[in-house]
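If you read the protein sequences in the order shown, they are chains V and C.
Throughout the first sequence, residue numbering follows numbering that gives the first Met the number 0, covering 0 to 287 in sequence.
Throughout the second sequence, residue numbering follows numbering that gives the first Met the number 0, covering 0 to 361 in sequence.
Just so it is clear, CB atoms sit at the ideal spot from N, CA and C, and this is done for glycine as well.
Note that the structure is predicted; figures quoted are calculated from it, not measured.
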Amino acid sequence: MKTEGFVRDFARRSVQRPWRLAAEASALLIAAVVAFPLYWMVLSAFKPAGEIESTEPRPWTLDPTVDSFRRVFGQQEFGRYFLNSLVVAVTVVAVSALIAFLAATAVTRFRFRFRTTLLIMFLIAQMVPVEALTIPLFFQMRDLGQLNTLGALILPHIAFSLPFAIWMLRGFVKAVPEALEEAAYIDGASRTRFLWQILFPLVFPGLVATSVFSFISAWNDFLFAKSFIISDTSQSTLPMALLVFYKPDDPDWGGVMAASTVMTIPVLIFFVLVQRRLVSGLGGAVKD
Amino acid sequence: MSRMTNRPLPGPSAQSPSREDGPDGAEPGAAALPAARRGAGSGPAKGASPAPVTAAARPGRRGGGGRRSPLARGGWTPWLYLAPALVVIGGLLVYPVYQLGLISFLEYTQAQVSGGEPATFQGFGNYTTLFGDPQFWQVLLATVLFAGACVVSTLAVGCALAVLLTRVRAVPRLALMLAALGAWATPAVTGSTVWLLLFDPDFGPVNRILGLGDHSWTYGRYSAFALVLLEVVWCSFPFVMVTVYAGIRAVPAEVLEAASLDGASQWRIWRSVLAPMLRPILVVVTIQSVIWDFKVFTQIYVMTGGGGIAGQNLVLNVYAYQKAFASSQYSLGSAIGVVMLLILLAVTLVYLRLIRRQGEEL
Chain V
0 MKTEGFVRDF
10 ARRSVQRPWR
20 LAAEASALLI
30 AAVVAFPLYW
40 MVLSAFKPAG
50 EIESTEPRPW
60 TLDPTVDSFR
70 RVFGQQEFGR
80 YFLNSLVVAV
90 TVVAVSALIA
100 FLAATAVTRF
110 RFRFRTTLLI
120 MFLIAQMVPV
130 EALTIPLFFQ
140 MRDLGQLNTL
150 GALILPHIAF
160 SLPFAIWMLR
170 GFVKAVPEAL
180 EEAAYIDGAS
190 RTRFLWQILF
200 PLVFPGLVAT
210 SVFSFISAWN
220 DFLFAKSFII
230 SDTSQSTLPM
240 ALLVFYKPDD
250 PDWGGVMAAS
260 TVMTIPVLIF
270 FVLVQRRLVS
280 GLGGAVKD
Chain C
0 MSRMTNRPLP
10 GPSAQSPSRE
20 DGPDGAEPGA
30 AALPAARRGA
40 GSGPAKGASP
50 APVTAAARPG
60 RRGGGGRRSP
70 LARGGWTPWL
80 YLAPALVVIG
90 GLLVYPVYQL
100 GLISFLEYTQ
110 AQVSGGEPAT
120 FQGFGNYTTL
130 FGDPQFWQVL
140 LATVLFAGAC
150 VVSTLAVGCA
160 LAVLLTRVRA
170 VPRLALMLAA
180 LGAWATPAVT
190 GSTVWLLLFD
200 PDFGPVNRIL
210 GLGDHSWTYG
220 RYSAFALVLL
230 EVVWCSFPFV
240 MVTVYAGIRA
250 VPAEVLEAAS
260 LDGASQWRIW
270 RSVLAPMLRP
280 ILVVVTIQSV
290 IWDFKVFTQI
300 YVMTGGGGIA
310 GQNLVLNVYA
320 YQKAFASSQY
330 SLGSAIGVVM
340 LLILLAVTLV
350 YLRLIRRQGE
360 EL
């Protein structure tokens, strides 16, 4: 990786040694500050109840316990909520990635009437304040018979993640040279074959970067779960489960932190998996 | 925008081959695209006044016949590819927007929802009610100021740390990157409750460290907003940091090399080479931050208990939610939604103008 190597050399050569050490020390310090809330979350999840409710909070614990986790998983249907959240997020990611891939291919590899208009529409669609649509979507989901089902969470999130995903994928599809496409046809590949066997794998890093955003938006969803899942709580998702423990007057901090930890882990795993492609992907997409 | 020096820094055509060393397999091909087209969007040669460059880029813009891919002779194929996206977006995004507008002109309360009474047309009645309510103006002002503060802080922190990342060796860089990804990965509800615990007057470590006793952060209007702001910046700076860092890393080595061989100072390189090349990225992260921060819901809702004491921490989103779902005034809630939509639309139009002015091909 020539670029990175050079940037590093460039930094090394041009920054004087004491300054570089100061920069590195502050980077480590900032990393610690940024990670602190997460550390505190996990720590508090393992603290015994009496210790969390201590007015002299300590940054360690002498007798870690899984009581809080036991309470969380003992709560009615917590596992079910977890599974629901996973189903919603995975469905949204997979479906919107496929649809966005096709649409991004259409708007980058074809010239047709209204192409530019469509692109501008996708851009504008990104800006729609999703939260403001809760009211009409509530009625729409009611009419579609989706209230109190996971569909009420999946369908809108697919629609909301699409415009951004298409816009972002565009750069990746564009970067695949057209010569490659011509070569594929000369070799006798069909259009479908080119699309799925050549273009799709090449654009995959872009799909990964895009999916981070749709995964987070679906996994984080709080407003829709709160508004659309009103009577059948077995269809609820993790954010709602967490709020069972969080009562503003008298929160069960141990339970809240244990549930938070459980809720954060899948996203962290997802991030670790895509981490390398994310950094390169963002650079590629945005620079376009 | 900075003016280019007369020194022969490599122009767009010289830099495009170097994009080849991108980290993944998809990128090598980028170099094969016509140099003129790639240069149009991001080259430092844009120089002081964007207008002539846009004009220069135009010949390549319409995509003459030579660039036409075999796929391009598709007839109905592009529409076939677009169909799923258009159906989903049309049905679940465009149609609800239309409905939102419609409801905002009707009288729509519990009676109409349950079907007991027909919805009656109100004209601008709901808007008159809304604009006549001093609380609306107060919430609007709070939303704009709060979102603005979030955007500025997020960008400042994100960009500063992206630059810092380029100055340090692998270990501190990895540490900062992982911490940031952790913050980014934290779901909004989770982040909100964790920050509440950190700043809890009785059990939180922050007051102990700062020696604030049992000061309550969520009690006062400004300290409650400040607390939410800290959480929002914490979970949204990573996007800016990672993106800007990726952008800096993608700057071709030759450009920086040439600049430093030519004796350009550090500051000069930042100002005249990097800043113009990063401009498209900065525009994207700024706009995204504006959109996200303007729509903050979960953090405010959870951290201030639905809008703070006596609604002192309401922002438009939460205000609309409270109006619609807590007091069943769906039409008022929709009118607030329409106001938000119009504000964000204005932001989008500014964004489009910026893209157009950069001469980027849509």
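*Contact check, P135 of chain V vs I102 of chain C under 8 Å by CB: the rounded distance?*
As a position in the first sequence, residue 135 of chain V is number 136, starting the count at 1. As a position in the second sequence, residue 102 of chain C is number 103, starting the count at 1. With a Cβ gap of about 6 Å, P135 of chain V and I102 of chain C count as contacting.
*Can you grab the Cα-Cα spacing for the pair Q274 of chain V / L152 of chain V, in whole Å?*
Taking the first residue of the first sequence as 1, we reach residue 274 of chain V at position 275. Taking the first residue of the first sequence as 1, we reach residue 152 of chain V at position 153. Cα to Cα, Q274 of chain V sits roughly 26 Å from L152 of chain V.
*Contact list for the region 223 to 236 of chain C against chain V, Cβ threshold 8 Å*: W233
*Continuous alpha helix (DSSP H) stretch holding K322 of chain C: start and end*: Counting from one through the second sequence, the residue named residue 322 of chain C turns up at place 323. Counting along the chain, K322 of chain C falls outside any alpha helix (DSSP H), and DSSP gives it neither H nor E.
*For D23 of chain C, which residues of its own chain have a beta-carbon under 7 Å away from its beta-carbon, when the five flanking residues on both sides are left out?*
The residue labelled residue 23 of chain C in the question sits at position 24 within the second sequence. Only weak support exists for where D23 of chain C lies, its pLDDT of 37 falling under 50; the value from the coordinates is given anyway. Counting only Cβ-Cβ distances below 7 Å, and skipping sequence neighbours, we find nothing.
_Can you list, in chain order, the residues of its chain with a C-beta nearer than 7 Å to that of L161 of chain V? Leave out the 5 residues immediately preceding and following it._
Taking the first residue of the first sequence as 1, we reach residue 161 of chain V at position 162. So the list reads S95, I98 and A99, once near-sequence residues are dropped.
*Closest by CA to T54 of chain V, which one among C:R207, C:S113 and C:G131?*
As a position in the first sequence, residue 54 of chain V is number 55, starting the count at 1. The residue with the shortest Cα to Cα distance from T54 of chain V is C:R207.
*Count the other CB atoms within 10 Å of the CB of E181 of chain V; is the residue buried (16 or more) or exposed (fewer)?*
By one-based count along the first sequence, residue 181 of chain V stands at place 182. Flag for E181 of chain V reads exposed.
*asked:* Against chain C, does Y80 of chain V count as a neighbour if the rule is that its beta carbon must be under 8 Å from one of theirs?
replied: Walking along the first sequence from the start, residue 80 of chain V turns up at place 81. So, not an interface residue.
*Give the range of the alpha helix (DSSP H) segment to which E177 of chain V is assigned.*
If you number the first sequence from 1, residue 177 of chain V lands on position 178. Its alpha helix (DSSP H) spans residues E177 to I185.
*Between which two residues does the alpha helix (DSSP H) containing P275 of chain C stretch?*
As a first step, residue 275 of chain C must be located in the second sequence, where it is residue number 276. That run of the alpha helix (DSSP H) goes A274 to F293.
_Distance between A179 of chain C and R19 of chain V (C-alpha atoms, nearest Å)_ = Residue 19 of chain V sits at position 20 when you count from the first residue of the first sequence. Residue 179 of chain C sits at position 180 when you count from the first residue of the second sequence. Whole-angstrom Cα-Cα distance: 21 Å.
_Inter-residue CB distance, Q298 of chain C and A187 of chain C (contact presumed, cutoff 8 Å)_ = Taking the second sequence and counting its residues from 1, one reaches residue 298 of chain C at position 299. Taking the second sequence and counting its residues from 1, one reaches residue 187 of chain C at position 188. That belief holds up - the Cβ atoms of Q298 of chain C and A187 of chain C are roughly 6 Å apart, short of 8 Å.
*asked:* Just checking: is the beta-carbon of S327 of chain C within a distance shorter than 8 Å of some beta-carbon in chain V?
replied: Counting from 1 along the second sequence, the entry for residue 327 of chain C is found at position 328. So, not an interface residue.
*Would the beta-carbon of E52 of chain V fall within 8 Å of that of T60 of chain V?*
Against the first sequence, residue 52 of chain V aligns to sequence position 53. Against the first sequence, residue 60 of chain V aligns to sequence position 61. Cβ atoms of E52 of chain V and T60 of chain V: not closer than 8 Å.
*R276 of chain V versus L228 of chain C: straight-line alpha-carbon distance, rounded*: Numbered from its first residue, the first sequence carries residue 276 of chain V at position 277. Numbered from its first residue, the second sequence carries residue 228 of chain C at position 229. Roughly 29 Å between the two C-alpha positions.
*Any beta-carbon of chain V closer than 8 Å to the one on V346 of chain C?*
Residue mapping note: residue 346 of chain C aligns to position 347 of the second sequence, counting from 1. By this cut-off, V346 of chain C is an interface position.
*Can the beta-carbon of L164 of chain C be found closer than 8 Å to that of R172 of chain C?*
Translated into the one-based positions of the second sequence, residue 164 of chain C becomes position 165. Translated into the one-based positions of the second sequence, residue 172 of chain C becomes position 173. A contact, by the Cβ cut-off of 8 Å.
*asked:* So, at 7 Å on beta carbons, what are the nonlocal neighbours of D62 of chain V in its own chain, with the 5 sequence-adjacent residues on each side left out?
replied: Residue mapping note: residue 62 of chain V aligns to position 63 of the first sequence, counting from 1. Around D62 of chain V: P47.
*Helix, strand or coil: how does DSSP classify L211 of chain C here?*
Counting from one through the second sequence, the residue named residue 211 of chain C turns up at place 212. Residue state, collapsed to three classes: coil.
*Output the distance between the C-alpha atoms of D132 of chain C and Y94 of chain C, rounded to the nearest integer angstrom.*
Here the question's residue 132 of chain C lines up with position 133 in the second sequence. Here the question's residue 94 of chain C lines up with position 95 in the second sequence. Their backbone Cα atoms lie some 29 Å apart in a straight line.
*Nearest neighbour of P204 of chain C, chosen from V:R16, V:S43 and V:L27 [CA to CA]*: Here residue 204 of chain C refers to the residue found at position 205 of the second sequence. The shortest Cα separation from P204 of chain C among V:R16, V:S43 and V:L27 belongs to V:S43.
*Check whether the Cβ of V96 of chain C lies closer than 8 Å to any Cβ atom in chain V.*
Within the second sequence, numbered from 1, the residue matching residue 96 of chain C stands at position 97. For V96 of chain C, the answer is yes, since a Cβ of chain V falls inside 8 Å of its Cβ.
_Residue-chain proximity (L139 of chain C, chain D), Cβ-Cβ < 8 Å_ = Of the protein chains in this structure, namely V and C, none is chain D.
*From this set, V:M239, V:Y245, V:I29 and V:A105, which residue's C-alpha is nearest L168 of chain V's C-alpha?*
As a first step, residue 168 of chain V is located in the first sequence; it is residue number 169 there, counting from the start. Out of V:M239, V:Y245, V:I29 and V:A105, V:A105 has the C-alpha closest to the C-alpha of L168 of chain V.
*So, are the CB atoms of F244 of chain V and P250 of chain V less than 8 Å apart?*
In the first sequence, the residue the question calls residue 244 of chain V occupies position 245. In the first sequence, the residue the question calls residue 250 of chain V occupies position 251. Cβ atoms of F244 of chain V and P250 of chain V: closer than 8 Å.
*Residues in its own chain within less than 6 Å of S222 of chain C by CB, not counting five upstream and five downstream?*
In the second sequence, residue 222 of chain C corresponds to position 223, counting from 1. Within the same chain, S222 of chain C has close Cβ partners W216.
_Residue-chain proximity (I228 of chain V, chain C), Cβ-Cβ < 8 Å_ = Position 229 of the first sequence, counted from the start, is the residue given in the question as residue 228 of chain V. Answer no: the Cβ-Cβ gap between I228 of chain V and chain C never drops below 8 Å.
*If we call anything under 8 Å between Cβ atoms a contact, is T260 of chain V one with T185 of chain C?*
To locate residue 260 of chain V, count along the first sequence from 1; it is residue 261. To locate residue 185 of chain C, count along the second sequence from 1; it is residue 186. Cβ atoms of T260 of chain V and T185 of chain C: not closer than 8 Å.
*Taking Cβ-Cβ distances shorter than 9 Å, what residues in chain V pair up with I102 of chain C?*
Here residue 102 of chain C refers to the residue found at position 103 of the second sequence. Correct list: I134, P135 and F138.
*asked:* I want to know whether the region 212 to 226 of chain V touches the region 114 to 123 of chain V - three or more CB-CB distances under 8 Å.
replied: no
*Distance between V172 of chain V and R69 of chain V (C-alpha atoms, nearest Å)*: To locate residue 69 of chain V, count along the first sequence from 1; it is residue 70. To locate residue 172 of chain V, count along the first sequence from 1; it is residue 173. Near 47 Å, if we compare the C-alpha coordinates of V172 of chain V and R69 of chain V.
_Within chain V, partners of D201 of chain C - CB distance below 7 Å_ = Within the second sequence, numbered from 1, the residue matching residue 201 of chain C stands at position 202. Simply T54.
*Under the rule that 16 or more other beta-carbon atoms within 10 Å means buried, what is Q234 of chain V, buried or exposed?*
To locate residue 234 of chain V, count along the first sequence from 1; it is residue 235. Its Cβ being crowded by 16 or more others within 10 Å, Q234 of chain V is buried.
*Does DSSP put L195 of chain C in a helix, a strand or coil?*
Against the second sequence, residue 195 of chain C aligns to sequence position 196. Helix.
*Taking Cβ-Cβ distances shorter than 7 Å, what residues in chain C pair up with S189 of chain V?*
The count along the first sequence starts at 1 and reaches residue 189 of chain V at position 190. Within 7 Å Cβ-Cβ: nothing; S189 of chain V doesn't reach chain C, min ~11 Å.
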